[in-house]
Structure formats: C-alpha cells, structure tokens
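Just add 7 to wherever you are in the sequence shown, counting from 1, and you've got the working numbering. Note that beta-carbon positions come from the ideal geometry of N, C-alpha and C, so glycine has one too. Quantities reported herein were computed from a predicted structural model and do not represent experimental measurements.
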Amino acid sequence: MDSDCKCLLLHTEVRWLSKGKVLSRFISLRTEIIWFFDVENSGFEFLNDDDGWLEVAFLNDLFEKLNVLNLSLQGANENIIIITGKLKSFTDKLELWIKN
Numbered sequence: 008m009d010s011d012c013k014c015l016l017l018h019t020e021v022r023w024l025s026k027g028k029v030l031s032r033f034i035s036l037r038t039e040i041i042w043f044f045d046v047e048n049s050g051f052e053f054l055n056d057d058d059g060w061l062e063v064a065f066l067n068d069l070f071e072k073l074n075v076l077n078l079s080l081q082g083a084n085e086n087i088i089i090i091t092g093k094l095k096s097f098t099d100k101l102e103l104w105i106k107n
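This is the structure:
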C-alpha cells in the first residue's frame with residue numbers, strides 16, 4: 008500500500024489532530040481501513056458499502072463548515088450583532104442543504 012501509515016493503533020490521542028478533522032483523516036484512510044477490517048474478519052463489512060461512505064463524507068463536509076463557523080465566531084473584534092448574523096446565515100445554509 009502507498010499509505011504513510013505502517014500500522015494501525017487501536018487507541019490514540021487525537022490532540023495533534025483537531026477533533027473536527029478526524030473524519031477527513033478517516034476518509035483519506037478509507038482503503039487501508041477496509042483492508043484492515045477485511046483481514047481481521049471483524050464484522051465491519053458495511054464499510055464496503057458506498058452509501059455508508061457517502062454519509063460519512065456528508066458528515067465530514069458538515070463538520071468542516073462547522074469548524075469554519077466556529078473559527079469565525081472567535082476573536083476580540085466580534086460582537087453579538089456580527090455573531091448573530093453569522094449564525095443566522097449558517098442556519099439558513101443548513102436548511103438549504105437539508106432540503107437538497
């Protein structure tokens with residue numbers, strides 16, 4: 008395999024990796040994860056299903072947007088009016104995504 012990882016740790020701290028980016032990393036390791044669970048015969052056959060991965064990808068996109076929103080709400084120059092506008096805009100976008 009052409010991955011950077013040579014072994015799969017069963018337990019690891021995610022301090023070095025933003026918790027919001029864990030799904031991105033999970034998706035980038037898709038091939039290795041499927042291979043590992045196939046070799047181990049661990050009952051994770053649902054990982055071979057593309058629909059399941061589409062749901063994970065949707066959640067990944069949603070969490071990326073939430074991370075961007077979270078970062079934009081932080082800072083000394085933010086006030087309640089600006090924050091309220093950003094939150095309203097995000098909820099409007101979220102409703103649009105849900106409809107589609």
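What number of angstroms, rounded off, separates the C-alpha of residue i from the C-alpha of residue j?
{"i": "W42", "j": "N107", "result": "33 Å"}
{"i": "K95", "j": "E71", "result": "18 Å"}
{"i": "T38", "j": "V63", "result": "14 Å"}
{"i": "F33", "j": "E102", "result": "26 Å"}
{"i": "L61", "j": "V29", "result": "16 Å"}
{"i": "I105", "j": "S49", "result": "34 Å"}
{"i": "S25", "j": "T98", "result": "23 Å"}
{"i": "A83", "j": "L76", "result": "15 Å"}
{"i": "N86", "j": "K100", "result": "21 Å"}
{"i": "L69", "j": "G59", "result": "16 Å"}
{"i": "L36", "j": "I88", "result": "41 Å"}
If you run the structure through DSSP and keep just helix, strand and coil, what is residue i?
{"i": "E85", "result": "coil"}
{"i": "S25", "result": "coil"}
Using a Cβ-Cβ cutoff of less than 8 Å, which residues in the same chain neighbour residue i once the five nearest sequence positions on both sides are dropped?
{"i": "V46", "result": "none"}
{"i": "S110", "result": "Residue coverage of the chain in this structure runs from 8 to 107, which leaves residue 110 outside it and unanswerable."}
Please return the same chain residues whose Cβ sits closer than 7 Å to the Cβ of residue i, not counting the five positions on each side in sequence.
{"i": "D57", "result": "none"}
{"i": "S79", "result": "K93"}
{"i": "I90", "result": "L80"}
{"i": "F44", "result": "F51, L54"}
Less than 8 Å between CB atoms is the rule here; does residue i satisfy it with respect to chain C?
{"i": "F70", "result": "No chain C is part of this structure, which consists of one protein chain only."}
Taking only runs that begin and end inside the segment 33 to 93, name each unbroken alpha helix (DSSP H) of 4 or more residues, in chain order.
Note on the segment 33 to 93: whole alpha helix (DSSP H) runs with a minimum of 4 residues are 37 to 47, 57 to 80, in chain order.
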